[in-house]
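Residue 303 in numbering that gives the first Met the number 0 sits at position 304 of the sequence shown; the count goes up by one each step and never skips. Cβ coordinates follow ideal geometry from the N, Cα and C atoms, glycine included. From a predicted model like this one, the values you see are computed outputs, not experimental measurements.
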Amino acid sequence: MRFNKNRADPKAFQLLRLSDLLCTLSRDKVFYLKGLLESGANIPDKAFGPATNEGDLAKHFVKFAGSRPSHFQLLLFSSAYLLDPNSKRVTIAIQRAKRRGLNTDFEYLLRNVNQPIPTFALTPPYFPELPAKEGKTLASLAAEYATEKLYENRESLLGKRMVALGLLVDPENEELLYLMSILGMDKRSESVSHTSIKIPLLRKLAEISIRKGNSTLLNNLLHASMIEIEPDRFASIVFLQKMKERGIKIDFESIALEYEQFLKKKRTPDRPSSSTVQKGELLDADLSNLLTAKRWTLTELHTKQTWFVSFRRTSKSIFKPEGKCQGVRGNNLHTWNSWKIKNSILIIDGYARYAYDRNSKVWKQASGKKDSFFH
């Protein structure tokens, strides 16, 4: 136990606060530990069971976090990172969340664990221009070459620019997200094979640069990348000099920034334009994020029963949320056929209706009755 080594261990206090949040049935051991810490008394070695391997606990957090984006999921990832900062999977998950514009600070996540994440964080920061297969192939080659250069010199400008290139054509490439993370830490990229990927990367860049349908901005990026790798490349130098005569900045950073802004402004196929999404649908999407982010407690006053209910979304559109839900009470299990949110009302099995009260953070019966509620 960390507290036996250091009563002021900040990581131990964070894990204690997480335990307080996760203990839904009995918090006795949490209260006991808090009391021992406040009094300064010794903490009995066996009072909390056998010693826990921190690496195994981190893996358990990751498994329990699941795949559904939420503040709760990020809180578990953040906690796993406290225990195992070398976990590649956790590092990638946190970097992905940051790229989507989410706050990954432990204290923030703890305060907002029951709040829905914004709808923009449900998708990548932008959708790439290239077809998925082409983009992933180019990004993988860029990741290999960047790894090679950053292994030689972690300050390699070429390596960093290849990371930027790859993320512009495949914004959530895991190897690139990992490289982006370790660039911000005192870590060296992993060793690579002795076979240089330079020639295959140049070949792929040249192949894509003559693809029909490319935007001018994408071609600018491709040629700027080829010059980074091969500074005397004739065709790319000529191409960019012609762009320069038209008043276009041709340094790599300017080209990459302009292309990224272009991608962010471009209408995406999975996100309807603002003119087609009604305000009510945005509210429904936010409420569904809140509903699926945690396990809710259903209290039925007329039967004096309490159920622990999990909601799962099955609809493809986040703006028309529907799904299934399952409740547990002791050894009893109950599955409802369906739920949906329409006009901010949660409808279960077509008849039970609840409205969310943001002040009390409780789903109350929409009819005004007080027989049951989710909290």
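Here Ala-120 is buried: its Cβ has 16 or more other Cβ atoms, across all protein chains shown, within 10 Å. Following the DSSP letters along the chain, one finds His-333 inside the beta strand (DSSP E) bounded by residues 331–341.
Taken in chain order, the complete alpha helix (DSSP H) segments of 4 or more residues contained in the region 75–108 are 87–98. Counting C-beta atoms within 10 angstroms of its own C-beta, Met-184 has fewer than 16 neighbours from the protein chains shown and is therefore classed as exposed. With respect to the 8 Å criterion, Leu-108 and His-59 are not classified as neighbours on the basis of their beta carbons.
Leu-300 carries a coil assignment under DSSP once its states are collapsed to helix, strand and coil.
When only Cα atoms are considered, Leu-282 and Leu-73 end up about 22 Å apart. In the pairwise beta carbon analysis, the region 112–132 is classified as touching the region 79–99: at least three pairs are separated by under 8 Å.
Taking the Cβ atoms as the reference, Trp-335 lies roughly 5 Å from Asp-348, within the contact range of under 8 Å. Going by beta carbons, Thr-291 and Phe-307 fall outside the 8 Å limit. Here Val-308 is bridged, per DSSP, to Trp-295 and Gly-326. A contact is defined here as three or more CB-CB pairs under 8 Å, and the region 133–143 meets this definition with respect to the region 199–212.
For Glu-173, the secondary structure class from DSSP, reduced to helix, strand or coil, is helix. Residues Lys-87, Thr-90, Ile-91 and Gln-94 of the same chain have their beta carbon placed closer than 8 Å to that of Tyr-177, with the five preceding and five following residues left out of the count.
DSSP, reduced to helix, strand and coil, places Asp-356 within a strand of the structure shown.
Collapsing the DSSP output to three states places Ser-371 in a strand. For Lys-339, the closest C-alpha among the options Gly-329, Thr-302, Asn-288 and Ser-195 is that of Asn-288. Taking a contact to require three or more Cβ pairs closer than 8 Å, the region 230–237 and the region 147–160 do not qualify as touching. DSSP, reduced to helix, strand and coil, places Ala-351 within a strand of the structure shown. Between Leu-262 and Ser-224, the CB-CB gap reaches or exceeds 8 Å. Linking Ser-180 to Lys-369 through their CA atoms gives a straight-line distance of about 49 Å.
Looking at the DSSP output, Lys-363 bridges to Ala-354 and Phe-372.
If you draw a straight line from the Cα of Arg-312 to the Cα of Pro-127, it comes to about 26 Å.
Closest by C-alpha distance to Leu-15, out of Ser-78, Ile-344 and Leu-175, is Ser-78. In this structure, Ser-208 lies away from Leu-286, with their beta-carbon atoms at least 8 Å apart. In this chain, the alpha helix (DSSP H) harbouring Ile-207 covers 197–208. Look at Glu-229 here: in three-state DSSP terms it is coil, with no helix or strand label.
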